[in-house]
Ligand SMILES: Cc1cc2nc3c(=O)[nH]c(=O)nc-3n(C[C@H](O)[C@H](O)[C@H](O)COP(=O)(O)O)c2cc1C
């Protein structure tokens, strides 16, 4: 089974990752991973940090002559911004003379984090809870994504809403998805051409205007993105035990992304308000194949893949760091003060959609390996195709 770990602070020297359990023989390169890292850095509404960082991975072990060799893979992504933080984020020394942060920002890990660990400086919490960590998650998960792609399984995403601006014409999106032969890679590629990763260009302009407006007023926005997976066989996952249920594991992976506060499978929330006869996807035959008339279940029934596209939605709250400050309490003086502003994004939904694509890759790869097994890609492919 594939597992991965990340380490590294937002303004520390580097982000580090270890991926364990990836079969041998998967072709991979730093450039392939960097492509995903670049996608994570895009999107209208990002802050100044993305101008400083051009994320680039170095593979340190587990890959030989361009292919995985089955041993643990170690990777590193340097933080270019670290050069400006060598004093504040020094590994050694006493920290004397370095200003301590004592005002927790609402909507962040700051308050619960200092209480949990007994810190007197919120910087310790800020630097690890930051979504900078997701750069390493994307890098780690790209190995599993490549394994899936080698098996013809593709993950894509696009943005459905930014703040109050929603794509209302779902049929238009569905037509586009069908036009891409329901191939998640092609759908995602189309979204990549948009600054906010929206497939409906008439809505894109409104979303950009909304971000501009919120920036002007010192405010921030969230939104909803959709993740699509194509090429999955029927029967991955399991209905027999709670911790093997694929829907639960996919939701956990998406929920683990900073600022994601809601996850939906298929039309989960809308379905709750309808009659069963308007919800469940009827069977039909097409070219001697069993398919569904609709896909309101989002490709998962009984916590297993049912052969349709998997469709997942994730809701991101508005960015918590505001130029227009909220009220906070200084933990040292106990006085009411304005919360701190630290260079920040105005909207990061497009970036979050790429992270969403990434974090579900190991979940799906593990479901595939659970069913078909294999120490090498060759072995897995023989069993999968059979
Ligand atoms: C791609 C991405 C970028 C983010 N950028 C920022 C940011 O610039 N400023 C900020 O306050 N929060 C940002 N966040 C959200 C915070 O990391 C997150 O809200 C915070 O760590 C608290 O965690 P929680 O929202 O999961 O409770 C970002 C999240 C993601 C996924």
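In the working numbering, the protein residues as written are 190 to 575. Think of the CB as a built atom: it goes at the ideal place given N, C-alpha and C, for glycine as much as any other residue. Keep in mind that this is a model prediction, so the values were computed, not measured.
For residue i, the three-state DSSP class (helix, strand or coil)
{"i": "residue 196", "result": "strand"}
{"i": "residue 494", "result": "strand"}
{"i": "residue 222", "result": "helix"}
{"i": "residue 416", "result": "strand"}
{"i": "residue 205", "result": "strand"}
{"i": "residue 478", "result": "strand"}
{"i": "residue 283", "result": "coil"}
{"i": "residue 424", "result": "coil"}
{"i": "residue 249", "result": "strand"}
{"i": "residue 262", "result": "strand"}
{"i": "residue 468", "result": "coil"}
{"i": "residue 537", "result": "coil"}
{"i": "residue 400", "result": "helix"}
{"i": "residue 517", "result": "strand"}
{"i": "residue 444", "result": "helix"}
{"i": "residue 256", "result": "strand"}
{"i": "residue 349", "result": "strand"}
{"i": "residue 438", "result": "helix"}
{"i": "residue 190", "result": "coil"}
{"i": "residue 278", "result": "coil"}
{"i": "residue 387", "result": "coil"}
{"i": "residue 449", "result": "strand"}
{"i": "residue 365", "result": "helix"}
Supposed close pair residue i, residue j - CB separation, criterion 8 Å
{"i": "residue 479", "j": "residue 233", "result": "So it is not a contact: roughly 42 Å between Cβ atoms."}
{"i": "residue 470", "j": "residue 460", "result": "Actually they are not in contact, since the Cβ atoms of residue 470 and residue 460 sit about 11 Å apart, beyond 8 Å."}
{"i": "residue 212", "j": "residue 563", "result": "6 Å"}
{"i": "residue 266", "j": "residue 246", "result": "5 Å"}
{"i": "residue 540", "j": "residue 231", "result": "7 Å"}
{"i": "residue 346", "j": "residue 415", "result": "6 Å"}
{"i": "residue 352", "j": "residue 410", "result": "4 Å"}
{"i": "residue 434", "j": "residue 492", "result": "3 Å"}
{"i": "residue 397", "j": "residue 408", "result": "With 8 Å as the limit, residue 397 and residue 408 do not qualify as a contact, their Cβ atoms being about 15 Å apart."}
{"i": "residue 442", "j": "residue 552", "result": "5 Å"}
{"i": "residue 269", "j": "residue 242", "result": "5 Å"}
{"i": "residue 289", "j": "residue 276", "result": "Not confirmed; about 13 Å, so no contact."}
Other residues of its chain near residue i: CB distance less than 6 Å, five sequence neighbours each side excluded
{"i": "residue 323", "result": "544"}
{"i": "residue 194", "result": "207"}
{"i": "residue 504", "result": "413, 450, 451"}
{"i": "residue 264", "result": "206, 246, 248, 328"}
{"i": "residue 302", "result": "314"}
{"i": "residue 496", "result": "423"}
{"i": "residue 440", "result": "452"}
{"i": "residue 278", "result": "200, 201"}
{"i": "residue 448", "result": "505, 506"}
{"i": "residue 338", "result": "none"}
{"i": "residue 244", "result": "226, 266, 324"}
{"i": "residue 455", "result": "485, 486, 487, 500"}
{"i": "residue 350", "result": "412, 413"}
{"i": "residue 191", "result": "210, 211, 333, 551, 554, 555"}
Bridge partner(s) assigned by DSSP for residue i
{"i": "residue 343", "result": "419"}
{"i": "residue 565", "result": "213"}
{"i": "residue 297", "result": "Paired residues: none, contrary to the question."}
{"i": "residue 332", "result": "Bridge partners of residue 332: none, in fact."}
{"i": "residue 527", "result": "516"}
{"i": "residue 501", "result": "416, 454"}
{"i": "residue 355", "result": "350"}
{"i": "residue 267", "result": "203"}
Own chain residues within Cβ distance below 8 Å of residue i, not counting five before or after
{"i": "residue 406", "result": "513"}
{"i": "residue 252", "result": "217, 258, 262"}
{"i": "residue 530", "result": "510, 511, 512, 514"}
{"i": "residue 526", "result": "292, 516, 517, 518, 519"}
{"i": "residue 561", "result": "569, 572, 573"}
{"i": "residue 236", "result": "532, 533, 534, 535"}
Close Cβ partners of residue i (< 7 Å) along its chain, the five nearest in sequence each way excluded
{"i": "residue 472", "result": "479, 481"}
{"i": "residue 373", "result": "343, 344, 345, 417, 418, 419"}
{"i": "residue 354", "result": "392, 395, 396, 399"}
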